[in-house]
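Residue numbers (our numbering): 328 to 715.
We put the CB at the ideal spot given by N, CA and C, even for glycine.
First the structure, in the form of structure tokens, and then the observations on it.
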Ligand SMILES: Cc1cc2nc3c(=O)[nH]c(=O)nc-3n(C[C@H](O)[C@H](O)[C@H](O)COP(=O)(O)OP(=O)(O)OC[C@H]3O[C@@H](n4cnc5c(N)ncnc54)[C@H](O)[C@@H]3O)c2cc1C
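This is the structure in structure tokens:
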């Protein structure tokens, strides 16, 4: 990392002691996928000097991966990341900084001791209804007979009951959703469970995208390469921008939590967090696939063994158990009525900030949206293009 001096476009009196003066066209807050993408594009296409400020001790944001302490095994410190693209353009942009390995993303759900595929597919329906083999037509009929139709579902419970029927809702979603969000499915927006498709074939993969991959050398290496791609980019870690509030002379891109930027002026936006319990197992494999969900009474939601995807060869394996929590890192915006309204109020402040001071809000935290890594990068590519 370079040693830098911070000189604000708005307040050029601030500067660090003991080093030369540097002025930055663009200040980017956060070195995650959004920040790394905006910085790389601004430096390469506009020739801007860019300062990236990151408050953690590392780059790559929540995608950060590293060797698990005391082992040769890669793990994802802030939760597992399954990368898939919907746009070939985005994938080929990111592909400039990494080679790929296939994304072996297979998820199962442990229902009363039986592992069933997630998302729901023909096999899930066979196992949970105890009827096999099923054709697509028979499976559709079974689900249809159990569905509780609602024309305009107002919440997640109605949405899933209307789509998957009562049995699948109760076995797979009701308790899982309550654990994940700390509130019942009836209190959450319909969109929450709408991210998971129901399939009437035997596709075992977690996502439908034909572009499911993982960076060969990991995510940290990928975003580090982006940030090192130009001498015009400086990166400082372990610095909280909120303590400095320095701006670029042309623009500032803020990818931290939106409510923090405004000092929680309108009240805190609701975020959901996770705590992780890890164990190193002295056996080659712990479970049959990368992720097993626990939709029952256990206090945790899933167990993840990322070695299934990294394909590292070892006699040991690292297993991470996730416990949803209200406190901790802001991971998931809570998709409910009251947060939508509060977000809309913050969005108005953000709009004014953009117009008056050229501050742009991006990324998952800055736009208070549950977006995947590929969407974060895609949005960042658009944001970088919009910077004047
Ligand atoms: C548990 C979990 C699992 C996920 N699984 C997947 C998955 O399987 N597939 C997928 O595609 N996506 C997944 N995601 C989403 C993915 O992590 C995000 O889409 C992506 O990280 C968004 O990038 P970002 O740069 O916008 O935000 P982040 O990665 O959150 O990076 C923002 C950075 O800004 C820094 N920052 C914040 N405030 C300040 C400040 N004041 N000063 C300095 N720095 C600051 C933070 O420390 C952070 O490093 C998951 C997310 C979580 C939480």
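At least three beta-carbon pairs within less than 8 Å, the segment 512-520 to the segment 382-402: A contact between stretches requires three or more CB pairs, one per stretch, nearer than 8 Å, and the segment 512-520 fails this requirement with the segment 382-402.
Rounded separation between residue 329 and residue 534 - CA only: In this prediction, residue 329 scores a pLDDT of 42, lower than 50, which makes its location untrustworthy; no coordinate-derived value is stated.
Which complete beta strand (DSSP E) runs does the segment 358-383 hold, if anything under 3 residues is left out? The beta strand (DSSP E) runs of length 3 or more contained entirely in the segment 358-383 are, from start to end of the chain, 377-380.
Please determine, among 359, 378 and 373, the residue with the shortest C-alpha to C-alpha distance to residue 351. Selected option, being the one with the closest Cα: 378.
Comparing C-alpha positions only, which one of 463, 430 and 370 sits nearest to residue 618? The candidate whose alpha carbon is nearest that of residue 618 is 430.
Enclosing beta strand (DSSP E) for residue 428 [first to last residue]: Per DSSP, residue 428 belongs to the beta strand (DSSP E) from 427-429.
What does the alpha-carbon distance come out to for the pair residue 438 and residue 453? Roughly 13 Å between the two C-alpha positions.
In this structure, how does DSSP classify residue 471 when only helix, strand and coil are distinguished? The answer is helix: DSSP assigns residue 471 an H, G or I state.
Taking the alpha carbon of residue 356 as the point to measure from, which residue in 374, 643, 388 and 611 has its own alpha carbon closest? Just measuring C-alpha positions, the residue of 374, 643, 388 and 611 sitting nearest residue 356 is 388.
Counting only runs that start and end within the segment 387-464, where is the alpha helix (DSSP H) found for 4 or more residues in a row? List check, alpha helix (DSSP H) in window: 415-421 and 449-456.
Quick one: does the C-beta of residue 703 sit closer than 7 Å to a heavy atom of ligand 1? In terms of side-chain proximity, the C-beta atom of residue 703 is found nearer than 7 Å to a non-hydrogen atom of ligand 1.
Which one or two residues does DSSP pair with residue 648 in a beta bridge? In the DSSP output, where bridge partners are listed per residue, residue 648 has 604 and 630.
Chain-order list of residues whose beta-carbon lies under 7 Å from that of residue 441 (same chain, five-residue window excluded): Closer than 7 Å at the Cβ level, and outside the excluded window around residue 441, lie 454.
Does the beta carbon of residue 358 fall short of 7 Å from some heavy atom of ligand 1? Because some heavy atom of ligand 1 lies under 7 Å away, the Cβ of residue 358 counts as near it: yes.
By DSSP, does residue 544 sit in helix, in strand, or in coil? When secondary structure is reduced to three states using DSSP, residue 544 falls in the coil class, being assigned neither helix nor strand.
Between residue 652 and residue 600, how many whole angstroms is the CB-CB distance? I'm expecting something under 8 Å. About 5 Å separates the two Cβ atoms, so the contact holds.
From residue 537 to residue 711, what does the alpha carbon distance come to, in whole angstroms? Here the alpha carbon of residue 537 sits roughly 27 Å from the alpha carbon of residue 711.
Contact check, residue 581 vs residue 433, beta carbons under 8 Å: In terms of Cβ geometry, residue 581 and residue 433 do not form a close pair [threshold 8 Å].
In or out: residue 609 buried (at least 16 other Cβ within 10 Å) or exposed? The residue in question, residue 609, is exposed, as its Cβ has fewer than 16 Cβ neighbours within 10 Å.
If you count every other CB in all the chains shown that lies within 10 Å of the CB of residue 381, and 16 or more means buried, which is it? Burial call: buried.
So, helix, strand or coil for residue 339, using DSSP? The predicted model places residue 339 with a pLDDT of 33, which falls under 50 and marks its position as unreliable; any figure quoted below should be read in that light. The answer is coil: DSSP assigns residue 339 none of H, G, I, E or B.
When DSSP builds the beta bridges, which residues end up paired with residue 688? Beta-bridge pairing links residue 688 to 581.
State the DSSP-derived secondary structure class of residue 701, mapped to helix, strand or coil. Three-state result, residue 701: helix.
Give a yes or no on whether the C-beta atoms belonging to residue 405 and residue 656 are separated by under 8 Å. In this structure, residue 405 sits near residue 656, with a CB-CB distance shorter than 8 Å.
Could you tell me the boundaries of the alpha helix (DSSP H) in which residue 618 lies? Counted as a single uninterrupted DSSP element, the stretch harbouring residue 618 is not any alpha helix (DSSP H) but the beta strand (DSSP E) occupying residues 618-620.
Whose C-beta lies closer than 6 Å to the C-beta of residue 698 among residues of the same chain, with five residues either side of it excluded? Here the set comprises 691.
Leaving out five residues on either side along the sequence, give the residues of the same chain with a beta carbon under 7 Å from the beta carbon of residue 688. Closer than 7 Å at the Cβ level, and outside the excluded window around residue 688, lie 581, 585, 677 and 694.
Once DSSP output is grouped into helix, strand and coil, what is the label at residue 351? Residue 351 falls in the coil class under three-state DSSP.
Burial state of residue 611, where buried means 16 or more other Cβ atoms lie within 10 Å: Classified as exposed, residue 611 has fewer than 16 neighbouring CB atoms from the shown chains inside 10 Å of its CB.
With residue 560 as the anchor, note down where its beta strand (DSSP E) starts and where it stops. Residues 560-563.
May I ask whether a heavy atom of ligand 1 can be found less than 7 Å away from the beta carbon of residue 529? Closer than 7 Å to some heavy atom of ligand 1: that does not describe the Cβ of residue 529.
Using the Cβ count rule (16 or more neighbours within 10 Å means buried), how would you classify residue 507? Residue 507 should be labelled buried.
Sorted by chain position, which residues of the same chain lie with C-beta nearer than 6 Å to residue 339's C-beta, five sequence neighbours on each side aside? Legend: pLDDT at residue 339 = 33, less than 50; position of this residue unreliable, no value from coordinates given.
Classify residue 533 as helix, strand or coil using the three-state DSSP reduction. Coil.
With distances taken between CB atoms, is the gap from residue 493 to residue 475 smaller than 8 Å? Cβ atoms of residue 493 and residue 475: closer than 8 Å.
Which listed residue (481, 460, 539 and 605) has its alpha carbon closest to that of residue 632: Of 481, 460, 539 and 605, the residue nearest in Cα terms is 605.
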